[in-house]
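Chemist: Numbers 223 to 402, taken from the working numbering, label the letters of the sequence shown in order.
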Amino acid sequence: MRAFLDANVMIPARWRDILLTLAEADIYTPLWSSLCLEEMNRHLPESMTAADRKFLFKMMNEAFPGALVEWPEIVDVSVHLQINEKDRRIVGAALWGHADVLLTNDRDLRDELFASRLIDVQSMPEFIAYAISTNPSVARRALIAMVRRRWGVSSTSTESAIVSRLQAYFQRQGWSPSGL
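#1: When you compare the CB positions of Ala229 and Glu261, do they come within less than 8 Å of one another, or not?
#2: Secondary structure at Arg224, three-state DSSP: helix, strand or coil?
#3: If you compare alpha carbons, which of Leu317, Ser377, Phe349 and Ala245 is closest to Arg339?
#4: Which whole-angstrom value describes the C-beta separation of Ala225 and Leu253, a residue pair presumed to lie in contact below a C-beta threshold of 8 Å?
#5: In three-state terms, what does DSSP make of Pro252?
#6: Exposed or buried, what is Pro399 when buried is set at 16 or more other beta-carbons lying within 10 Å of its beta-carbon?
#7: Under 7 Å Cβ to Cβ from Trp237, same chain only, skipping five residues before and after it: list those, please.
#8: Quick one: is Arg224 near chain C, going by C-beta distance under 8 Å?
#9: Can the beta-carbon of Val313 be found less than 8 Å from the beta-carbon of Leu324?
#10: Mind checking Gln185: buried by the 16 CB within 10 Å criterion, or exposed?
#11: To which residues of the same chain is Asp322 closer than 6 Å at the C-beta, ignoring the five residues directly before and after it?
#12: Considering just the uninterrupted stretch of the beta strand (DSSP E) at Val343, what are its terminal residues?
#13: Identify which residue in Trp293, Asp248 and Leu365 has its Cα closest to the Cα of Leu402.
#14: Let me know the beta strand (DSSP E) ranges lying completely inside the stretch 332 to 392, each 3 residues or longer, listed in chain order.
#15: If you check the beta carbons only, do Ile240 and His265 fall under 8 Å apart?
#16: Quick check: what's the CA-CA separation for Ile354 versus Glu381?
#17: In angstroms with no decimal places, state the Cα-to-Cα distance between Phe336 and Ala272.
#18: Taking all protein chains shown into account, do 16 or more other C-beta atoms lie within 10 angstroms of the C-beta of Thr243, making it buried, or fewer, making it exposed?
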């Protein structure tokens, strides 16, 4: 599955960790555009230095060399007629990248895409639940390793303690993936 990631799902660090971890585990193939990275850059915490931001984007693009969709910005007439001006470039890049789904938490964009049927659209809870369910054992191993590396968990924490922490985080976010 190829998923185009809107900037709003990559701005929160833990969301980005989860999404990129599942992509690294070959649960799905991520896509994004330079426009998404620019928007993400504008909304990352001010405490994040310019050098850290540049490093983040460099690492993302190196880890997923096919993720960056270089869209020629020629908008399809159907996109132009059905999608608001602010989001046309996102939808156009997703279509150009042959995404199966556009992942966004922008409710207005999701509503427009549901109505237009140009591309499947999902919110974070829907996408995470689906992604984990496609290969629960691989997702579980990848997410446990991510929590150990990135979320300040003691190296002596058991897998069940880490899974409980992940499930608690998912619950706080309003997500309910099964299979962990």
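For glycine and all other residues, C-beta sits at the position ideal for the given N, C-alpha and C.
Modeler: To lay it out plainly:
#1: At a Cβ-Cβ threshold of 8 Å, Ala229 and Glu261 count as neighbours.
#2: In this structure, Arg224 counts as strand in the three-state DSSP scheme.
#3: The candidate whose alpha carbon is nearest that of Arg339 is Leu317.
#4: The beta carbons of Ala225 and Leu253 sit about 7 Å from each other, so the pair counts as a contact at 8 Å.
#5: Note: Pro252 maps to strand in three-state DSSP.
#6: Pro399 is buried by the Cβ-count criterion.
#7: Only Val231 and Met346 meet the Cβ criterion.
#8: Protein chain content of the structure displayed is limited to a single chain, and chain C is not contained in it.
#9: In contact: Val313 and Leu324 (Cβ atoms closer than 8 Å).
#10: Here the chain has residues from 223 to 402 only, and residue 185 is not among them.
#11: Cβ within range, chain order: Met223 and Arg224.
#12: First-last of the beta strand (DSSP E) with Val343: Asp342 to Gln344.
#13: Proximity to Leu402 across Trp293, Asp248 and Leu365 peaks at Leu365, based on C-alpha coordinates.
#14: For the stretch 332 to 392, whole beta strand (DSSP E) runs of length 3 or above, ordered along the chain, are 342 to 344.
#15: Result no, Cβ atoms of Ile240 and His265 do not sit closer than 8 Å.
#16: Distance between the alpha carbons of Ile354 and Glu381 is about 17 Å.
#17: Phe336 and Ala272 have their C-alpha atoms some 37 Å from each other.
#18: That one is buried.
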